[in-house]
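Here the protein sequences come in this chain order: A and B.
1 is the number of the first residue of the first sequence in the numbering used here; add one for each residue after it.
572 is the number of the first residue of the second sequence in the numbering used here; add one for each residue after it.
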Amino acid sequence: MMKKRSRLTFTLIIIVGFLTVCPVIMLVFGSFSKGLSVFGTFTLEKYIAAYTDPEFAEIIINTVVFVVGASTVATGLALFLAYLNNRTDIPFKFIFKIISITPMMIPHILFSVSWVLLLNPSNGLINLVLKQVFALENSPLNIYSLWGMILVEGLLDMPIAYLIIAPAMASFDVALEESSRVCGAGTSRTLARITLPVLRPAILAAFILCIVRCMASFAVPSVIGMPGRIYVLATHIYQTISIGFAVDYGKAAAIGMSVLVTSIILIFLYRYLTSESEKYVTISSRGYRPTVIELKKAKIPLFFILGLLSFIFIVLPVLVLFYISLVPYSMVPSARAFSMMSWRHWIAVLKDPISLLSLKNSLFLGVFGATLGVILSIFVAYTIVKVRTKASGILESLSFLSFSFPGIVIGVGFMWFFVRTPIYATIWALLIGYIATYLPYGIRPLTSAFVQIHSHLEESSMVCGARPFTTMRRIVIPLLVPGIVSGWILMATMFVRELSLSVVLSRPGTEVLAVQILRFAGDGLWGRLSALGIIMIFISTVLVVLATLIGAKLKPVEGEDKGALVQNLVG
Amino acid sequence: MKIQIKGVSKHYYSEGKTIKALDEVDLTIPANQIFTLLGPSGCGKTTLLRCIVGLEAPDAGEISIGDEVVWSSKKGIFVPTEKRGLGMVFQTYAIWPHMNVYDNVAYPLQTQKLPKEEIRRKVEKTLRFVQLEGFERRPATKISGGQQQRVALARALVAEPKVILFDEPLSNLDAKLREETRKEIRTFLSELKITAVYVTHDRIEALALSDIIAVMRSGQIIEIGSPKKIYFDADHRFVADFIGRANLIKAVVKSQQDDKTIIDSEIGTLTCQKREFPVGSEVTLCIRPEFINLKKGEGVDGQNIVNGRIETLVFIGDAYEGEIRVRNEHLMARIEPETSLNEGDTVSFSVSPDHCLLVSV
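So this is what it looks like as structure tokens:
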């Protein structure tokens, strides 16, 4: 038994290590080597070229402002929402709780595009309306700015921060607050002196994770930043490898190294902080019920703020996309606009062979990739939770590593890696890259599922005379179904919308949806883009619904927590 | 079936320290008896049980069940858990939440690939035995804690194992239910010809259930004996203290008689149970509170008369708990609830030499 387990751990370390460490190693070698190949002569040229670039200082300043700004917006909003949802008597709480995390389901590139469609200076819908209403010469708002980038990225990353802060807020030991009240402090003083300080590790963890995400973000910088000539590190790398004649992967790797190293440091800091915050806050096993704070007069205004936010998050992007997909060009909604509506963009997309190919590829990657990814995740999560040796600790750190991977940087590493193999420029390259980069999304829900399966449940099966395989089939797998379903859904939706890794790895013949959308955005084909975008959202939704239905059919566990999916997303 | 454990050791490494969970344990568990491993938490009792059932592998030693060696470090034998044919009730019951009561109980038979009809018959019989008829189709999580406990017992019994193991099975029940279930288990087990190994840290559970008790401390078995032997005639101070409430008083052996040992102590010169300690050696005198019978006023001369004063008197329902001061020693005593004694009263008591237990320091 022990031998089998250590063999399993060893095999998994090799597979996961191969997936996560290989691209990093390739990246390191590539950044130090002359010429186009990885194992060329050793040189520091690339670093010197990358970091002495006169534009580099500005790019760094842009990146810092963008990343810190967006993370602050995301964390602040998340804190606000989490507090209102968990601790106050705001009406329709249930809806707002779902709404707070729904933006995760909207592909980042579409969200960015819809804001471009609303706020771009030449024909953004809101700008057009404002110009008409106030008879202005120029557009009053310009999305193509650092402010635009910060706001959109902040909105996009809010759910991640929310998923870290909200559970901490919910499991907060209310006695800490009550004793502050007894000592004579009012609601706001208690909030400032007790609640927020106790939640500090969770808030910091959320902020750090947002920073990592913003650094890796490619959709917002490319769709909003590049047209405004505002470059951050991610787009700078993209430019180095895909624009112009002198494509320089070595230089891109040299730039990418600083992003990667920062991310890895931050992600391990994040991990430290989350374990700290668990120590800090989780005194929750006692039956407690947090006191609900009455908002009184502030109730209605706050309710409207929340309502507006949810409108911005969900309704507006989809609505804008749908509208644009039907009108011939961007125009203010009017009787004339409605009379000119047609399905021509939809027909154009469905007749476009590359769009169709990208649809097929993304669907294959979503379904098949997520299935493979979840199977690997089951074994990894099992080893991490149940085997618990030093080796399985290594496995955990390895699998966590890819959480910090900025897609475009790691994409360069993968590209080098695949270029010597026959899978280069095939869909399998994308498949392997996706699984490597998004492995934590499958492992997370499965580890929490395994944690819930008390070891006694397996052990009693063994005592009853069941062989390991029987135990797996009859006890472990059925109890894992909720974890498997949420892992599969997360991976599948991530794969269907994947952009940052794909822009590096996708080649003619292996186009995927997000890359095709980016191409439409570059060409200004907003109508077709919107049509394809809605198809993309539709596919994701269908996959989610199907997976949920199948999961429900496979014998649900009694008293299964419906919120488990949500809790499992990030933790 | 007899279980034999020879020189079994098991070490853990935690934060750089080696913890001896089992330290060269030698033990024979006789067939068809209820055998209890009793000890404080962390004494290694659960580890020993898990080594017997095969969920953990010891570092050294040999374990045999009946005539079969199931573990031997020398011979390199390790029979996996599922091939040992045992039954076990877990502390958490380990009822599978995705199955109903019937499937939970039928599971051990299904793994043996028995015919469906036979499985149905055996499950019904076992459920009847644990008084759970009619619960077959209930989801296993939708029944009470006590019923889950009985499902776990039924599952452990259904395949008619020769040995059944219990890992603190009552610790998750509330006090009243625990008492009832304890009696039930006793009844069930006495009806079957089966070897039962029972792990607990609860002394009352151990005393009430067992034929034989083995008291463990830091990976070693300190003492083995019947409940009465352990309670009245323990050899070790640790065992005497652990198995019940006890007044432990320092004493020196004054003289040895044929069937008695005389000691000197802070509470006076007392005649005690015969124990082979050399004259002049330091020992510990153990008197249980329930054997201290208080009388008002100073005692007249006689054997083992001790005088003192009631310091405190606390009403605990079925009795008073008194603290008696005898010179510089404080003794606990159990006093009938209808007593007329008050705090501050001068009292005396006499203890029969049989209840003056001498143990090593």
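For glycine and all other residues, C-beta sits at the position ideal for the given N, C-alpha and C.
Item to check | Coarse secondary structure for M341 (chain A), derived from DSSP in three states | outcome: coil
Item to check | Under 8 Å between C-beta atoms of S500 (chain A) and I408 (chain A) | outcome: yes
Checklist entry - Can you tell me whether DSSP reads R846 (chain B) as helix, strand or coil? => result coil
Next on the checklist: I believe E153 (chain A) touches A70 (chain A) by the beta-carbon criterion, under 8 Å. Please report the beta-carbon distance rounded to the nearest angstrom.
Outcome noted: 4 Å
Next on the checklist: Taking the alpha carbon of K581 (chain B) as the reference point, which residue from B:P924, B:Q791, B:K867 has its own alpha carbon closest?
Outcome noted: B:Q791
Checklist entry - Which of the residues in the segment 456–468 of chain A, read from start to end, lie with their CB under 9 Å from any CB of chain B? => result H456, L457, E458, E459, S460, S461, M462, V463, C464, G465, A466, R467, P468
Item to check | Rounded straight-line distance, which links the Cα of M105 (chain A) to that of I194 (chain A) | outcome: 34 Å
Checklist entry - Helix, strand or coil: which one does DSSP assign to P201 (chain A)? => result helix
Next on the checklist: For the structure I just gave you, are there three or more beta carbon pairs, one from the segment 683–690 of chain B and one from the segment 636–645 of chain B, closer than 8 Å?
Outcome noted: no
Checklist entry - Of all Cβ atoms in chain A, is any one closer than 8 Å to the Cβ of Q683 (chain B)? => result yes
Next on the checklist: Excluding the 5 residues flanking A161 (chain A) on each side, which residues of the same chain have their C-beta closer than 6 Å to its C-beta?
Outcome noted: A74, T75, A78, A206, C210
Item to check | Cutoff 8 Å; reference S455 (chain A); Cβ partners in own chain excluding five residues on either side | outcome: K386
Item to check | Cβ pair M472 (chain A), T652 (chain B) closer than 8 Å | outcome: no
Checklist entry - For the segment 468–494 of chain A, which residues have a CB atom closer than 9 Å to at least one CB atom of chain B, in sequence order? => result P468, T470, T471, R474, I475, P478, L479, V481
Checklist entry - Given that L657 (chain B) touches chain A, what residues does it touch there, using C-beta distances under 8 Å? => result V463
Checklist entry - Between S284 (chain A) and chain B, is there a C-beta pair that is closer than 8 Å? => result Residue placement at S284 (chain A) is poorly supported in this model, since its pLDDT is 39, which falls under 50; the coordinates are not used for a value here.
Item to check | Best match in A:I150, A:M149, A:I126 for proximity to M139 (chain A) [C-alpha to C-alpha] | outcome: The question names Met, yet the displayed sequence has Ser at residue 139 (chain A). Residue A:I126 is the option with its Cα nearest to S139 (chain A).
Checklist entry - Taking the DSSP output, what are the residues bridged to L609 (chain B)? => result B:T771, B:V786
Item to check | Best match in A:G483, A:S377, A:P478, A:M26 for proximity to G250 (chain A) [C-alpha to C-alpha] | outcome: A:M26
Checklist entry - Would DSSP call W667 (chain B) helix, strand or coil? => result coil
Item to check | Three-state class that DSSP yields for V220 (chain A) in the structure shown | outcome: helix
Next on the checklist: Considering only their Cβ atoms, is the gap separating K821 (chain B) from E837 (chain B) smaller than 8 Å?
Outcome noted: yes
Item to check | Residues bridged to G893 (chain B) [DSSP beta-bridge criterion] | outcome: B:L884, B:A904
Item to check | Closest Cα partner of G524 (chain A) within the set A:L151, A:I224, A:L146, A:A50 | outcome: A:I224
Next on the checklist: Check for me: the alpha helix (DSSP H) holding E58 (chain A) runs from which residue to which?
Outcome noted: 56–87
Next on the checklist: With H, G and I counted as helix, E and B as strand and the rest as coil, what does DSSP make of S580 (chain B)?
Outcome noted: strand
Checklist entry - So, using beta-carbon positions, are A785 (chain B) and T617 (chain B) closer together than 8 Å? => result no
Checklist entry - Is the CB-CB distance between Y424 (chain A) and M494 (chain A) below 8 Å? => result no
Item to check | Contacts around L619 (chain B), its chain only, beta-carbon distance under 7 Å, and the 5 residues preceding and following it disregarded | outcome: L593, V596, L608
Item to check | Beta carbon proximity, Y584 (chain B) to chain A, threshold 8 Å | outcome: no
Checklist entry - Span of the beta strand (DSSP E) holding C568 (chain B)? => result Absent from the structure is residue 568 (chain B), since the part of chain B shown begins at 572 and ends at 932.
Next on the checklist: For a contact defined as C-beta to C-beta under 9 Å, what are the partners of H454 (chain A) on chain B?
Outcome noted: F661, T663, A665
Checklist entry - Residues of chain A with a CB under 8 Å from the CB of P611 (chain B): which are they? => result None at all; the shortest Cβ gap to chain A is about 22 Å.
Item to check | Any C-beta of chain A under 8 Å from that of V650 (chain B) | outcome: no
Checklist entry - For L688 (chain B), is the classification buried or exposed, using 16 other Cβ atoms within 10 angstroms of its Cβ as the cut-off for buried? => result Per the sequence shown, the amino acid found at residue 688 (chain B) is Glu instead of Leu. Exposed, since its Cβ has fewer than 16 Cβ neighbours within 10 Å.
Next on the checklist: Quick check: I59 (chain A) and Y323 (chain A), are their CB atoms within less than 8 Å of each other?
Outcome noted: no
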